[in-house]
Amino acid sequence: MLALSARADAVLARALPADDLAPIALHQAMRYAVLGGGKRLRPLLVYVTGLAFRAPLEVLDSSAVAVEVIHAYSLVHDDLPAMDDDDLRRGRPTCHVAFGEAMAILAGDALQALAFEILAADTALRAAPLRHLDMLRTLAGACGSHGMAGGQALDLAATGLPLTPAELERMHVHKTGALIRASVRLGALAAGCEDEPMLAALEDYGHAIGLAFQIRDDLLDIEAGTAQLGKTAGKDVAANKPTYPAILGADASRRQLAELTARAQEAVAALGSNARNLCELARFVALRES
94 MLALSARADA VLARALPADD LAPIALHQAM RYAVLGGGKR LRPLLVYVTG LAFRAPLEVL
154 DSSAVAVEVI HAYSLVHDDL PAMDDDDLRR GRPTCHVAFG EAMAILAGDA LQALAFEILA
214 ADTALRAAPL RHLDMLRTLA GACGSHGMAG GQALDLAATG LPLTPAELER MHVHKTGALI
274 RASVRLGALA AGCEDEPMLA ALEDYGHAIG LAFQIRDDLL DIEAGTAQLG KTAGKDVAAN
334 KPTYPAILGA DASRRQLAEL TARAQEAVAA LGSNARNLCE LARFVALRES
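Residue 167 in the working numbering sits at position 74 of the sequence shown, and the numbers go up by one each step.
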């Protein structure tokens, strides 16, 4: 996993505009947002899914870069004063604190466009144009009103409201889960998988770990400190946001986290030993400390 994470860092650094290329401030902000650390979970999901179908790593690089660049853009905008108003991300000042609010907005806009440019320009996919189109559609769907942006809208509207567990799940299936599910699907599609039952099983896997990721995030918000998290701890509670511990309780949240982890592993059992890394990532999501 460490080797794949390092590969993601290297291909991201190459894909981003150089920080001495005009407009310099914008390109510096883009590189700051993407290259300042992070778990690289989404690129890892692309890589390990593709490897489960024996795809060469270079066939997976553009999808891995695209999902992480989208994720970075979402964090830049999520941290803005009009959204979550955070000053700390990955142990550093957030992009708008470091570069100003206007430049952070532009950096997020440019990163989203760059993600599609990178995926669209992947020459390895030219021999399969319909599959390439499916991949672009998958990424777009994960970002829009029926995906990440829609989940963020639901999150903003839900602040201070007593959501039901079903409403909470719906919000996070969009806000957090959509890009995670897309990462898994992109890895499979890039590898040439066209087996619909297998793609459906991978969708179940992505759904489970997407919710597991959010539950673990909510638990860490109340259990860990700011230094450990690299972002402000306890902020969701202070902002009166609906979270899994607040709605289900901490113990029930931990039980659901374990159930989702088992569900994710069961979903990919048909891959046999090729599912080892996918199962390992599911465990990492459930046990991570930041």
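Ideal Cβ positions, reconstructed from N, Cα and C, are used throughout, including at glycine.
Just so you know, these numbers come straight off a predicted model, no measurement behind them.
Asked, Found
"Do you know how far the Cα of Ala331 is from the Cα of Leu312?", "14 Å"
"If contacts are defined as beta-carbon pairs under 8 Å, then His164 and Arg135 qualify, I think. What distance do you get, rounded to the angstrom?", "5 Å"
"Quick test of your reading: Leu279 and Met241, contact by CB under 8 Å. State the CB separation rounded to the nearest angstrom.", "So it is not a contact: roughly 14 Å between Cβ atoms."
"Nearest to Ile340 by alpha carbon, out of Ile308, Ala355 and Pro290?", "Ile308"
"Taking Ile302 as the reference, which of Pro338, Gln349, Pro290 and Thr325 has the closest Cα?", "Gln349"
"Identify, in the order they occur along the chain, each residue of the same chain with its Cβ nearer than 7 Å to the Cβ of Met196, setting aside the five sequence neighbours on each side.", "Ala118, Leu119 and Ala122"
"Kindly identify the DSSP beta-bridge partner or partners of Arg185.", "Arg182"
"Helix, strand or coil for Cys236? Go by DSSP, reduced to three states.", "helix"
"Could you tell me the distance, in whole angstroms, from the CA atom of Ala281 to the CA atom of Thr216?", "17 Å"
"Considering only C-alpha positions, which residue in the set Phe306, Pro116 and Asp154 is nearest to Ala103?", "Asp154"
"Is the beta carbon of Pro149 closer than 8 Å to that of Leu256?", "no"
"Compute the Euclidean distance between the alpha carbons of Thr187 and Val127, then round it to the nearest angstrom.", "11 Å"
"For Asn370, which residues of its own chain have a beta-carbon under 6 Å away from its beta-carbon, when the five flanking residues on both sides are left out?", "Val141"
"From what residue to what residue does the alpha helix (DSSP H) around Glu373 run?", "Arg369 to Leu380"
"Measure from the alpha carbon of Leu181 to the alpha carbon of each residue in His267, Lys268, Ala345 and Leu322, then state which is nearest.", "Leu322"
"Is it right to say Ala175 is buried, meaning 16 or more other beta carbons lie within 10 angstroms of its own, or is it exposed?", "exposed"
"Using only the alpha-carbon positions, how far apart do Gly253 and Ser98 sit?", "37 Å"
"Can you tell me which of the three DSSP states Met196 falls into?", "helix"
"Met291 lies in the alpha helix (DSSP H); which residues open and close that run?", "Glu289 to Glu316"
"Near Phe146, what residues of its chain come up, given a Cβ to Cβ distance below 6 Å and the 5 sequence neighbours on each side ignored?", "Ala284 and Cys286"
"Short of 6 Å in beta carbon distance, which residues of its chain neighbour Ala185, apart from the five on each side in sequence? Order them along the chain.", "What sits at residue 185 in the sequence shown is Arg, not Ala. Taken in chain order, the residues that qualify are Gly129."
"Any idea what DSSP makes of Val361, helix, strand or coil?", "coil"
"Within its chain, find whatever has a CB closer than 7 Å to the CB of Ser167; leave out the 5 residues flanking it on each side and keep chain order.", "Met241"
"Can you find the residues in the same chain that come closer than 8 Å, C-beta to C-beta, to Leu199, ignoring five residues on each side of it along the sequence?", "Leu119 and Ala122"
"Comparing alpha-carbon positions, which option in Leu109, Glu382 and Gly193 lies nearest Val158?", "Leu109"
"Rank Gln205, Val152, Ala250 and Glu161 by C-alpha distance to the C-alpha of Ala220 and give the top, closest one.", "Val152"
"Within the same chain, show all residues whose beta-carbon is closer than 8 Å to that of Ser346, passing over the 5 residues directly before and after it, in chain order.", "Ile308, Asp311, Leu312, Tyr337 and Pro338"
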